[in-house]
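Going by the working numbering, the sequence shown opens with residue 65, and the numbers climb by one from there.
Note that the Cβ used here is the ideal one computed from N, Cα and C, for glycine as well.
Report on the structure given below.
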Amino acid sequence: MTCQELDRLLYPYLDGEFQPEERVDLETHLSGCAACRRRVENEQQMRQALRRAARHSVQGMRAPASLRAGIETGLRQEMRRAQYGNWLRASAVALVMVTMGGGWVAYQSMQRERIVKREAVQRHSKPLPFEIESTSTEPIAEWFRGKVDRRIAVPQLPKAKPLGGRISILNGREVAYISYETLPDAGEPSRRLGVFVLPDDTASAPKFQALKAVEVDSTQGFNVVTWRDDEIVYEMVTDMDEADIRRMLAERDSEATLARKPQRDDSEETPWSLPPRQQSPRPAATVAPVTYPH
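In structure tokens, the structure reads:
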């Protein structure tokens, strides 16, 4: 096993997703690679710190009603006594509690999005067979009809062709997965892309309300690209460079914009054109014989 392979398998390994026989190669590599061993230790320490912070936040949020009542009572008492210093301290406590609650909600949201992206990478990395094979988007979209929550729109990606699709599991629900292969220029290798199509309409799914036009994140050696079209969220997993990814999606948006522009019909008369001029008929020309004097 190489360091690059370990980079892709690190998180599944730490999550305990490996079978005992699958752990042998990875742990053998760790025993002989100090750099990878340090990385595993650092990741484990970070996870422990996050768990401790989450545990403290949960403990602080177990009884929000009683906390609010206690804080309000304390504030009223301190205000009646006109002890500004104690009032300020009570207000600071209230602010800390509110901040902890908001921070915990934000932390949960970030963790859920991170889990979805890691799961997308793991699903993309598994070489499972397609349930529908086609190099055209229309048959793939038709095959998915009735098999997922809503009719999906298979993305058209510039300089890439679809290979096929299958039903996959992401965030605990069935979603559409479409695989693509890039059409590189001469001398360049082709790349494989995987696009997950999932609705953004349930409380169990991570919400991307503040999502930018295109969001690129990196995990386990892959780039995970997220964008939304109305209520549909697209998660694309690829090993392409971020610059190439953004160039591809910018070209896709440009082509979509041109396709939406109405085409002018030259056969239709424009409202400012003048009607053709009516010409009066000319009398027929007559030719009389010419006589010359003798």
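message: For the beta strand (DSSP E) containing E279, name the first residue and the last one.
response: E279 to T283
query: In terms of alpha-carbon separation, which member of L234, G96, S189 and I179 lies closest to D79?
result: I179
query: Pick from E206, T302 and V280: whose alpha carbon is nearest that of E177?
result: V280
query: Of the residues T246, R187 and S189, which one's Cα is nearest the Cα of K34?
result: Since the first residue of the chain shown is 65 and the last is 358, residue 34 is not available in this structure.
Residues that DSSP places opposite P226 in a beta bridge: Y244
query: Taking 7 Å as the cut-off, does the CB of E306 come closer than this to any heavy atom belonging to the ligand FAD?
result: The ligand content of the structure shown is nil, which means the ligand FAD is not present either.
task: From the DSSP output, in three-state form, read off D249 for me.
output: coil
Coarse secondary structure for S268, derived from DSSP in three states: The predicted position of S268 is uncertain, since its pLDDT is 41 and thus under 50; a value taken from the coordinates is nonetheless stated next. Three-state result, S268: coil.
query: In this structure, does DSSP put T334 in helix, strand or coil?
result: Note that T334 scores a pLDDT of 49, beneath 50, so its modelled location is shaky; the value from the coordinates is reported in the next line. T334: coil per DSSP, three-state reduction.
- prompt: From K271 to V239, what distance separates their C-alpha atoms?
  reply: Bear in mind that the predicted position of K271 carries a pLDDT of just 48, short of 50, making it unreliable; the figure below should be weighed with that in mind. Their backbone Cα atoms lie some 16 Å apart in a straight line.
message: With distance defined between alpha-carbon atoms, name the residue in D249, D303, C67 and L227 nearest to A98.
response: C67
- prompt: Which of the three DSSP states, helix, strand or coil, is assigned to M110?
  reply: helix
task: Confirm, please, whether the CB-CB distance from V259 to P219 is below 8 Å.
output: yes
- prompt: Between which two residues does the alpha helix (DSSP H) carrying I204 extend?
  reply: T201 to F208
task: Answer with buried or exposed for I216, where buried requires no fewer than 16 other C-beta atoms within 10 angstroms of its C-beta.
output: buried
task: Leaving aside the five residues before and after Y244 along the sequence, list all residues of the same chain whose C-beta is less than 8 Å from its C-beta, in chain order.
output: L221, A224, K225, P226, L227, R256, L257, G258 and V259
message: Quick check: the Cα distance between R310 and T302, rounded to an integer number of angstroms?
response: 12 Å
message: Within 8 Å of any Cβ in chain B, is that where the Cβ of V185 sits?
response: Annotation note: the requested chain B is absent from the structure, which comprises a single protein chain.
- prompt: Closest to S241 by CA distance: which of N106, V212 and C100 is it?
  reply: The sequence shown places Tyr at residue 241, rather than the Ser named in the question. The residue with the shortest Cα to Cα distance from Y241 is V212.
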